[in-house]
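Which chain is which? The protein sequence lines are P and B, in order.
Heads up, the working numbering is the position in the first sequence plus 6, with the first residue counted as 1.
Heads up, the working numbering is the position in the second sequence plus 7, with the first residue counted as 1.
For glycine and all other residues, C-beta sits at the position ideal for the given N, C-alpha and C.
All values reported here derive from a predicted model rather than from experimental measurement.
Worksheet: one structure, shown below.
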Amino acid sequence: MRQKSQRNSTQDKVSKQTQGAAKRPIRVVHRPESSMRHPLQLFKNMGRDLLASRELAWRLMVRDISAQYRQSFLGFLWAVIPAVVLAATFTFAKNGGVVNIGNTDIPYPAYVMFSMTLWQTFVESLLGPIQAVAAAKAMVAKISFPREALVIAKLGEVFFNFGVKLILIIGLFIWFQIPVTWNLILAPVALIHLIILGTSIGMFLAPASALYQDFSKGITLATSFWLFLTPVVYPVPTDGVFGSIVKLNPVTPLLVTTRELATTGVISNPQGFWIASLIGILGLLIAWVIYRLSMPYIVERISS
Amino acid sequence: MMSINEQEISEKPQNNDSEVVLSVNGVSKRFCRDLKKSLFYGVQDIASEVLGLREKGDKLRPKEFWALDNVSFQLRRGEALGLVGKNGSGKSTLLRVIAGLIKPDTGFVEVNGRIAPLIALGAGFNPILTGRENIYANMSILGLSKKEIDERFDEVVEFAEIGDAIDSPVQTYSSGMAARLGFASAIHTDPEILLVDEVLAVGDANFKAKCFRKLQKLRENKTSFILVNHNPQAILSACDSAVYLSKGKLIINDKTLAVIQKYEEDLFQSSITQKSIVSMFLPQKLESETFGINITSLFFRNKEGNMIDSLVTGECINFCVGCKAYKRFEKINLHLTITELGGEAGIVLFLSGANDQHFFEMLPGEHEIQVQMPYLSLKSGTYSMTIKLKRELYTFETIENFIFSVKSDSTMSNCMFYQPRKWQIISST
Numbered sequence: 007m008r009q010k011s012q013r014n015s016t017q018d019k020v021s022k023q024t025q026g027a028a029k030r031p032i033r034v035v036h037r038p039e040s041s042m043r044h045p046l047q048l049f050k051n052m053g054r055d056l057l058a059s060r061e062l063a064w065r066l067m068v069r070d071i072s073a074q075y076r077q078s079f080l081g082f083l084w085a086v087i088p089a090v091v092l093a094a095t096f097t098f099a100k101n102g103g104v105v106n107i108g109n110t111d112i113p114y115p116a117y118v119m120f121s122m123t124l125w126q127t128f129v130e131s132l133l134g135p136i137q138a139v140a141a142a143k144a145m146v147a148k149i150s151f152p153r154e155a156l157v158i159a160k161l162g163e164v165f166f167n168f169g170v171k172l173i174l175i176i177g178l179f180i181w182f183q184i185p186v187t188w189n190l191i192l193a194p195v196a197l198i199h200l201i202i203l204g205t206s207i208g209m210f211l212a213p214a215s216a217l218y219q220d221f222s223k224g225i226t227l228a229t230s231f232w233l234f235l236t237p238v239v240y241p242v243p244t245d246g247v248f249g250s251i252v253k254l255n256p257v258t259p260l261l262v263t264t265r266e267l268a269t270t271g272v273i274s275n276p277q278g279f280w281i282a283s284l285i286g287i288l289g290l291l292i293a294w295v296i297y298r299l300s301m302p303y304i305v306e307r308i309s310s
Numbered sequence: 008m009m010s011i012n013e014q015e016i017s018e019k020p021q022n023n024d025s026e027v028v029l030s031v032n033g034v035s036k037r038f039c040r041d042l043k044k045s046l047f048y049g050v051q052d053i054a055s056e057v058l059g060l061r062e063k064g065d066k067l068r069p070k071e072f073w074a075l076d077n078v079s080f081q082l083r084r085g086e087a088l089g090l091v092g093k094n095g096s097g098k099s100t101l102l103r104v105i106a107g108l109i110k111p112d113t114g115f116v117e118v119n120g121r122i123a124p125l126i127a128l129g130a131g132f133n134p135i136l137t138g139r140e141n142i143y144a145n146m147s148i149l150g151l152s153k154k155e156i157d158e159r160f161d162e163v164v165e166f167a168e169i170g171d172a173i174d175s176p177v178q179t180y181s182s183g184m185a186a187r188l189g190f191a192s193a194i195h196t197d198p199e200i201l202l203v204d205e206v207l208a209v210g211d212a213n214f215k216a217k218c219f220r221k222l223q224k225l226r227e228n229k230t231s232f233i234l235v236n237h238n239p240q241a242i243l244s245a246c247d248s249a250v251y252l253s254k255g256k257l258i259i260n261d262k263t264l265a266v267i268q269k270y271e272e273d274l275f276q277s278s279i280t281q282k283s284i285v286s287m288f289l290p291q292k293l294e295s296e297t298f299g300i301n302i303t304s305l306f307f308r309n310k311e312g313n314m315i316d317s318l319v320t321g322e323c324i325n326f327c328v329g330c331k332a333y334k335r336f337e338k339i340n341l342h343l344t345i346t347e348l349g350g351e352a353g354i355v356l357f358l359s360g361a362n363d364q365h366f367f368e369m370l371p372g373e374h375e376i377q378v379q380m381p382y383l384s385l386k387s388g389t390y391s392m393t394i395k396l397k398r399e400l401y402t403f404e405t406i407e408n409f410i411f412s413v414k415s416d417s418t419m420s421n422c423m424f425y426q427p428r429k430w431q432i433i434s435s436t
């Protein structure tokens, strides 16, 4: 029934026709075949959409941030409350001897609060793409806009929230009189790598969790478990099975390096840092391709 | 207006080819109504897309059907195309493929220019934010830069008739206001192609008229659009050509009038095949399957009490509902809702025993409730009746879509309904 052989020939003809009227800027062809078959075109489109989504991402970010704080009494405080509560709990538990935690480079409450802030930023960047797709389902199903904008808007929100948290951190550093070195300037680089890793995981999971609810449930569970495999409330363990599991966790070197650059200025595991960064960056590119390619199929299945 | 459109078309042919803004070529799309399967196929499709295996999907997998089946047509610059078809005929799917939201399974769609989908009225509105903020967010989703939005902002607010409420949260708006704001921001994006999907059903009559005027103006500025509407009249007045889809297949693509005629013929045809049902006898049910009473038959009797198989306007008829009661019930009453098929009027008659304060008592056994109509006032046509057997809010049984047709003689040709009358002369001499 479907004329396969004719397809290509008609396609060429139509293309020639429209080239004649090349005044119009936008010409798009929607074809059934996989975009992976034309990788160059795919990368060109990815770059184009990334550029095209700047302004939209900004709008979406402004929209989300202002909506988020408008219907809230404590507002910006919510960015720092979890870190403060966790630090208070663990300091209390440690002093009471309930948990046995080794000594840290900097005062323990500051250690937990600072690490927790970094961890939270990582989790926010991981959940960002997933939440963005879930929240924008209706929009995604009805309007074709660069899907990248959703992720970028969320990234903006992550940075914005981190900015709020920064006030807490600066306060901490002054209060506990933590010495800093010139390496502090490099800390944002490590932080960005941490966010890249989170975003790549989030982007990778976003399409699947739009289809199956199991993912969003599982992710909540996984992140809370993951927190305890990351040196957030305890210093980096050096030995034992637990120690090696924590070392294999890609978040560990990124988070620890960020913390070290901001405080002592001595990087304990530069090799691990670069390996984890590489995983994050490569992962982000792959996840981006998957995210982009799967969107039409998500729309097809979630809307009717 | 029609004659002007036809002139335009006949003038075009020389540069027809370069004027094509949208061409749909042999597009098919398969769908699945089983949710679990559908999600699984989604994962399958994503996997083959990412691995680059997917070329096209021209085979149906289990439980799938063609939502669109080899559809082709073209849209030229400044042309308005109507899309008609019953619910589920694939109209929305087609618009989605055109808008690039979903990929076709076979064939391809070529688009020249920016598409504004009006299927998306107010998508991306955040109820907490003000109208102003939402206009900026919504219009940038539709692809405009801040500068472009700034230029259009006042026009949008004026068109939407929002006034001072523009700085209040959208959640305080009435549904009409929100819809107007959505329409205004979508239509002011100056697209080359507009996809209008039944959205004109929102808003009051004045605003609807305003929307149609705006569409007309856009068309004069060479915007093309595709209009989906259940109301053939709207398509007739706004479009020069139309496409009729049925079960995903393109039945006809021609001048609007021809397409609408074919569409209405089909609507009528499907009712003609059922026309012979002027009586209906339902299979016996077990007592456990009923709610105490069930309807066993539906038919008409004439004045003499004989069953009849044709209805004529103006005659005295009895509509009879045979039922069987298994227990004693009081306050039984009957609701009849009559709709004209293929008409625009919707419900033409609603008769309710409760409204008329006519209740019956039923003892176990068989009964026949009769609705006596001294004059059948329906004009000729095919009607669908819904019958409900009720006691207060409790419904024993509902029979939907009991189809019957009414004939009438030439005296009814200019009438909407039958008026019983007597002519006489009173003279004083």
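Practice problem: Identify the contact partners of E271(B) in chain P, using a Cβ-Cβ distance below 8 Å as the criterion. | Solution: Ordered by position in chain P, no residue passes the 8 Å Cβ test against E271(B), which lies about 27 Å from the chain.
Exercise. Provide the residue(s) that pair with S152(B) in DSSP beta bridges, ordered along the chain.
Key: The partner list for S152(B) (beta bridge, DSSP) is empty, contrary to what the question assumes.
Quiz item: Hey, F424(B) and L385(B): beta-carbon distance below 8 Å or not?
Solution: yes
Exercise. Please state if the CB of C323(B) and the CB of P381(B) are separated by a distance shorter than 8 Å.
Key: yes
Quiz item: In or out: P194(P) buried (at least 16 other Cβ within 10 Å) or exposed?
Solution: exposed
Self-check item: Contacts around S391(B), its chain only, beta-carbon distance under 6 Å, and the 5 residues preceding and following it disregarded
Solution: T346, L348, N408 and I410
Practice problem: Would you mind working out which of G177(P), G134(P) and K148(P) sits nearest R103(B), comparing C-alpha positions? | Solution: K148(P)
Practice problem: Just the C-alpha distance for Y75(P) and F165(P), rounded to the nearest angstrom, thanks. | Solution: 16 Å
Quiz item: Within 8 Å (strictly less), CB to CB, does L299(P) reach chain B?
Solution: yes
Practice problem: Please name the residue in A106(B), K43(B) and N236(B) whose C-alpha comes closest to that of N94(B). | Solution: N236(B)
Self-check item: Neighbourhood of P371(B) by C-beta, 7 Å cutoff - its chain only, sequence neighbours within 5 removed
Solution: A332, Y333, K334 and R335
Quiz item: Per DSSP, what kind of secondary structure is F38(B) in: helix, strand or coil?
Solution: strand
Quiz item: When we look at the beta-carbon of R68(B) and count the other beta-carbons within 10 Å, is it buried (16 or more) or exposed?
Solution: exposed
Exercise. For the beta strand (DSSP E) holding L60(B), just list the boundary residues, first then last.
Key: Premise fails: L60(B) is in no beta strand (DSSP E) and is neither H nor E.
Quiz item: Whole-angstrom Cβ separation of A66(P) and A74(B), contact assumed at under 8 Å?
Solution: The question names Ala, but residue 66(P) in the sequence shown is Leu. Their Cβ separation, rounded to whole angstroms, is 31 Å, which puts L66(P) and A74(B) out of contact at 8 Å.
Quiz item: What are the complete alpha helix (DSSP H) segments, minimum 4 residues, inside the stretch 176-255 of chain B?
Solution: 182-194, 212-227 and 239-245
Quiz item: So what's A87(B) in DSSP terms, helix, strand or just coil?
Solution: strand
Exercise. Could you tell me which chain P residues have their CB closer than 8 Å to the CB of R121(B), listed as they occur along the chain?
Key: I32
Practice problem: List the residues of chain B that E266(P) touches, going by C-beta distances under 7 Å, in chain order. | Solution: Per Cβ cutoff of 7 Å: no residues; E266(P) is ~37 Å from chain B at best.
Quiz item: What residues are listed by DSSP as bridge partners for Q364(B)?
Solution: DSSP lists no partner for Q364(B).
Quiz item: Leaving out five residues before and five after F168(P) in sequence, what residues of the same chain have Cβ atoms less than 7 Å from its Cβ?
Solution: T127
Quiz item: Once you ignore the five residues that flank I198(P) on each side, which residues in its own chain have a CB closer than 7 Å to its CB?
Solution: none
Quiz item: Is the shortest distance between the beta-carbon of L217(P) and the beta-carbons of chain B less than 8 Å?
Solution: yes
Practice problem: Give the residues of chain B in contact with Q77(P), contact being defined as C-beta atoms less than 9 Å apart. | Solution: I135
Self-check item: Against chain B: residues of the stretch 103-132 of chain P by CB proximity under 8 Å
Solution: none
Quiz item: How would you call T258(P), buried or exposed, if buried means at least 16 neighbouring beta carbons within 10 angstroms?
Solution: buried
Exercise. Give me the Cα-Cα distance between R60(P) and A155(P), rounded to the nearest whole angstrom.
Key: 7 Å
Quiz item: In its own chain, which residues sit with a C-beta less than 8 Å from the C-beta of N309(B), not counting the 5 before and 5 after it?
Solution: I315, E322, C323, I324 and N325
Exercise. Measure the alpha-carbon distance for L289(B) versus S317(B) and round it to whole angstroms.
Key: 20 Å
Quiz item: Looking at the unbroken alpha helix (DSSP H) that takes in R307(P), where does it start and where does it end?
Solution: P276 to I308
Exercise. Please list the residues of the stretch 214-227 of chain B that have a C-beta atom closer than 7 Å to any C-beta atom in chain P, keeping them in chain order.
Key: none
Quiz prompt | Sheet register partners of F72(B) (DSSP bridge) | solution = F38(B)
Self-check item: Between the CA atoms of A249(B) and T463(B) - distance to the nearest angstrom
Solution: No answer is possible for residue 463(B): it lies beyond the span of chain B, which begins at 8 and ends at 436.
Quiz item: Is the stretch 177-188 of chain B in contact with the stretch 84-92 of chain P, if contact means three or more CB pairs nearer than 8 Å?
Solution: no
Quiz prompt | Closer than 7 Å at the beta carbon, the chain P residues around I109(B) | solution = P302, V305 and E306
Quiz item: If you drop the 5 nearest sequence neighbours on each side, which residues of the same chain put their C-beta closer than 6 Å to that of L56(P)?
Solution: E154
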